[in-house]
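There are 2 protein chains.
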Amino acid sequence: MFILNVVSFYTLRFIDQPLDIRRNKIYKMQNQLVNHLSQFGKLSEKDIDLIANNTTLINFKIGDIFVEAGKNVNKVGFVVYGVFRYFFYDKEGNEITSFFMSENDFVTNVNSFYEYTPSSGTIVAETECVVILISRENWELFSKEIPNWNSILQTITNKTLLTKTNFQRKLISQDATTSYLDFLKQYPTIIQRVSLIHVASFLGITKFSLSRIRKQITLE
Amino acid sequence: MFILNVVSFYTLRFIDQPLDIRRNKIYKMQNQLVNHLSQFGKLSEKDIDLIANNTTLINFKIGDIFVEAGKNVNKVGFVVYGVFRYFFYDKEGNEITSFFMSENDFVTNVNSFYEYTPSSGTIVAETECVVILISRENWELFSKEIPNWNSILQTITNKTLLTKTNFQRKLISQDATTSYLDFLKQYPTIIQRVSLIHVASFLGITKFSLSRIRKQITLE
DNA sequence: GGTCTGAATTGCCAATTGGCAACAAATGCT
DNA sequence: AGCATTTGTTGCCAATTGGCAATTCAGACC
Chain A
10 MFILNVVSFY TLRFIDQPLD IRRNKIYKMQ NQLVNHLSQF GKLSEKDIDL IANNTTLINF
70 KIGDIFVEAG KNVNKVGFVV YGVFRYFFYD KEGNEITSFF MSENDFVTNV NSFYEYTPSS
130 GTIVAETECV VILISRENWE LFSKEIPNWN SILQTITNKT LLTKTNFQRK LISQDATTSY
190 LDFLKQYPTI IQRVSLIHVA SFLGITKFSL SRIRKQITLE
Chain B
10 MFILNVVSFY TLRFIDQPLD IRRNKIYKMQ NQLVNHLSQF GKLSEKDIDL IANNTTLINF
70 KIGDIFVEAG KNVNKVGFVV YGVFRYFFYD KEGNEITSFF MSENDFVTNV NSFYEYTPSS
130 GTIVAETECV VILISRENWE LFSKEIPNWN SILQTITNKT LLTKTNFQRK LISQDATTSY
190 LDFLKQYPTI IQRVSLIHVA SFLGITKFSL SRIRKQITLE
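So the sequences go chain by chain: A and B.
Sequential numbering of the first sequence, starting at 10, is according to the working numbering.
Sequential numbering of the second sequence, starting at 10, is according to the working numbering.
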């Protein structure tokens, strides 16, 4: 009852392992989602089974696209492992990285998913990633069948957006060095896994400035 | 059935007017809330009556505090008229203005209201304001009695936060002049009603820079 | 191991923005 | 109306950040 469908798992050398080990890993990954959701509301055994039976485990390689700009978004992912990046292009055609999603984050374009509108940006895997995928149909199924689903997801969405605006607020009114140090504090595991050019964009500075800031910090 | 309780209305020369005119104005203000909510979900006559009978109309003078930093927030307001400002202090003790709320916005500290935690900032009236006040008790009443309440407010909260992060994102990666022009475009009525020093803080620049930008624009 | 490609760094200089002091203008108060 | 306080502007200079070219570095691929 706890077995997720494994759609593609071509890179993690996972498929080569014995069946019982695979089952155990899948169990753990799916448990990660349930544990995360349970922080925000109670789920019954029935709810958990429904989730387990109607979600899909997907693997992404570096550079794989989760959401493509211009297309409607009809899925939500839960990041079991890895880092995704959301970016778009400004009026001058510069690529702007607006956030990262990693372990225990949901990955989707919230606006596009809820409003049935095309995504204005792209979500790309920055590392190898494992994602538990929820299609819109199953999302609506959960919404209907799981009593606490809406409340839980609403809470998570709110918290996520509030954390984001609070962090962005700092970026607006702080100097670049402080912003970088805040980034390290708030997202300590991201820095080793994505290009600095994307971190620089996220912080609203150039890669040159970021490079100088990092040098300055190591000198102190 | 459409009459709200008027708690204090001491500044708008409203109290001096004939009773039928007052009733009519109160009706219009309360209609403004219902119309706003109805954009995001259906409300029955019964729902509308419940709202009308369990909300309070309050007037704020310039400088009056809606939410005080350090205190828990147990109310939500709907701005019928006027501009509120949210600000907090950064580590260096600088006052940071992080957003404005005006007509048809809800005014509260979302984080504090939902999490039952003290507000980290203050919300102050920047102009004379008229607000439809919803206490936590009545909020919970609406949440229980009005079928679409949670869905409607969830949608509004999401939209508000998304608009905010999108605007902040521009502030992070644009030059100050573009940010100011974006501000004028997105919040055209705010600029005439609040001090430029607060606009500057909101945009993440000094009042000196804002002053120079404005001069530059008028010269062109 | 060698080559190739993109990422990251560095030096140099320019553009933007900040900080401060002085001043002007607007607002509030009596 | 007159004074005091706050808000906004300006000039001058400093600090921060950006832009570009050249170089170094690291990882991918044969």
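Think of the CB as a built atom: it goes at the ideal place given N, C-alpha and C, for glycine as much as any other residue.
All figures in this text were calculated on a predicted structure; none of them were measured in a lab.
- Using a CB distance cut-off of 8 angstroms, asparagine 120 (chain A) counts as an interface residue toward chain B.
- Neighbours of tyrosine 90 (chain A) in chain B, taken as residues whose beta carbon is under 7 angstroms from its own, are absent, since the nearest beta carbon is some 26 angstroms off.
- Look at isoleucine 199 (chain A): its C-beta is not under 8 angstroms from any C-beta on chain B.
- Judged by DSSP in its simplified three-state form, serine 129 (chain B) adopts coil rather than helix or strand.
- For methionine 110 (chain A), the beta-bridge partners assigned by DSSP are A:Phe93.
- The beta carbon of glycine 50 (chain B) does not come within 8 angstroms of any beta carbon belonging to chain A, so the residue lies off that interface.
- One alpha carbon belongs to tyrosine 36 (chain A), the other to isoleucine 132 (chain A), and they sit about 26 angstroms apart.
- Scanning its chain for C-beta atoms nearer than 7 angstroms, with the 5 sequence neighbours on each side dropped, one finds around tyrosine 90 (chain A) the residues Glu112, Cys138 and Val139, in chain order.
- A direct Cα-Cα distance of roughly 43 angstroms separates phenylalanine 93 (chain A) from isoleucine 60 (chain B).
- Per DSSP, the beta-bridge partners of alanine 134 (chain A) are A:Phe93.
- In this structure, the beta-carbon distance from serine 129 (chain B) to valine 76 (chain B) does not fall below 8 angstroms.
- Contact annotation, leucine 52 (chain B) with asparagine 157 (chain B): C-beta distance approximately 7 angstroms; criterion of less than 8 angstroms satisfied.
- When the five nearest sequence neighbours on each side are left out, the beta carbons in the same chain lying within less than 6 angstroms of the beta carbon of phenylalanine 87 (chain A) are those of Leu42, Phe115 and Ile141, in order along the chain.
- Of B:Ser210, B:Asn175, B:Ile30 and B:Asn118, the smallest CA-CA separation from lysine 80 (chain B) is found for B:Asn118.
- Below the 9 angstroms Cβ cutoff, chain A contributes Asn159, Gln163, Thr166 and Asn167 as neighbours of glutamine 163 (chain B), in chain order.
- Using a CB distance below 7 angstroms, the part of the region 168 to 200 of chain A facing chain B consists of Leu170, Leu171, Lys173, Thr174, Gln177, Arg178, Leu180, Ile181 and Ser182, ordered along the chain.
- Taking a Cβ-Cβ threshold of 7 angstroms, the residues of chain A close to glycine 213 (chain B) are Ile181 and Ser182, in chain order.
- Residue pairing by DSSP places serine 144 (chain A) opposite A:Lys84 in a beta bridge.
- By the CB criterion at 8 angstroms, alanine 78 (chain A) and phenylalanine 108 (chain A) fall outside the cutoff.
- The region 143 to 182 of chain A is shown to contain whole alpha helix (DSSP H) runs of 4 or more residues at 145 to 154 and 158 to 182, in chain order.
- By the Cβ neighbour-count rule, glycine 213 (chain A) is buried, with 16 or more other Cβ atoms within 10 Å of its own.
- In this structure, the straight-line span from the alpha carbon of glycine 50 (chain A) to that of isoleucine 105 (chain A) is close to 35 angstroms.
- For phenylalanine 49 (chain B), no beta strand (DSSP E) run applies, since DSSP gives it neither H nor E.
- Valine 85 (chain A) is positioned such that its CB atom lies no closer than 8 angstroms to that of glutamate 135 (chain A).
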